[in-house]
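The sequence shown begins at 66 in our numbering and counts up one residue at a time. We treat Cβ as the ideally placed atom computed from N, Cα and C, and that holds for glycine. To keep things clear, I will list the structure first and then write my remarks on it.
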Amino acid sequence: MWLITLADLALLLVGFFVLLQANHHLDPRRLANGMREGFGASDQPVSAPTPPAMPIAANALGGFAPGSAALPAAPDALVGWAREAARDPRVALTVTGGTDGTPADVDPSTGSAAVLAADRARAVAAALGQVAPGRILVATTNRPGQRRVTVTLAFAGEGNAR
């Protein structure tokens with residue numbers, strides 16, 4: 066059984082060499098790109114993924130009513146903190162909404178805690194929108210905790226300075 070498999074591999078290798086010899090007049094880069102494309106790969110170089118931003122400080126707005134995304138109080142202190150932190154163009158803000166995990170703390174129309182957490186985060190992000198436009202990321206957490214939104218200040222790198 067393994068001899069048949071080995072013979073099949075040898076024939077494939079011989080076929081590959083015949084293909085190369087038959088097309089020796091072609092540009093090797095075009096031939097390689099054609100083979101790469103045939104297997105669904107791109108001829109563009111793959112770039113390394115961007116490392117996540119390094120968290121530096123955090124602040125939170127708590128006291129949300131169960132099942133509600135309405136801001137419990139004016140976020141003036143949070144906006145002031147974010148405005149001071151966002152003076153540095155190398156920082157980014159992550160606004161993470163959360164729920165307490167109880168059956169009462171869910172979105173009233175969908176029954177989803179994740180949707181309610183996202184709505185809470187969006188409400189706070191809207192208040193912070195003028196502080197750091199284009200540098201705010203909205204996220205949710207699926208761990209039960211407190212009914213709050215956490216704003217994390219992170220160093221996003223020197224390349225983000227404007």
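The beta strand (DSSP E) runs of length 3 or more contained entirely in the region 152-178 are, from start to end of the chain, 156-162.
Taking one beta carbon from each stretch, the region 176-184 and the region 88-102 have fewer than 3 pairs nearer than 8 Å; the two do not touch.
The straight-line gap separating the alpha-carbon atoms of residue 210 and residue 170 is approximately 11 Å.
Assignment of residue 127 by DSSP, reduced to helix, strand and coil, places it in the strand class.
Looking at the DSSP output, residue 218 shares a beta bridge with 122 and 158.
A straight line joining the alpha-carbon of residue 95 with that of residue 123 spans about 52 Å. Between the alpha carbons of residue 84 and residue 104 lies a distance of about 16 Å. Note that the C-beta distance between residue 119 and residue 219 is below 8 Å. Between the region 109-116 and the region 152-167, the count of Cβ pairs shorter than 8 Å is below three; the stretches do not touch. Rounded to whole angstroms, the Cβ separation of residue 214 and residue 151 is 17 Å, and the two are not in contact under 8 Å. Residue environment for residue 92: exposed (fewer than 16 other C-beta atoms within 10 angstroms of its C-beta). The C-beta distance from residue 137 to residue 129 rounds to 5 Å, short enough to meet the 8 Å contact threshold.
Excluding sequence positions up to five before and after residue 189, its CB lies within less than 8 Å of the CB of 126, 136, 140, 143, 160, 162, 214 and 216, all in the same chain and listed in chain order.
Using a Cβ distance threshold of 8 Å, residue 186 and residue 167 do not count as a contacting pair.
In this chain, the alpha helix (DSSP H) harbouring residue 150 covers 141-150. Annotation for residue 202: the continuous beta strand (DSSP E) segment containing it runs 201-205. Inclusion of residue 157 and residue 193 in the CB contact set at 8 Å is not warranted, their separation being larger than that value.
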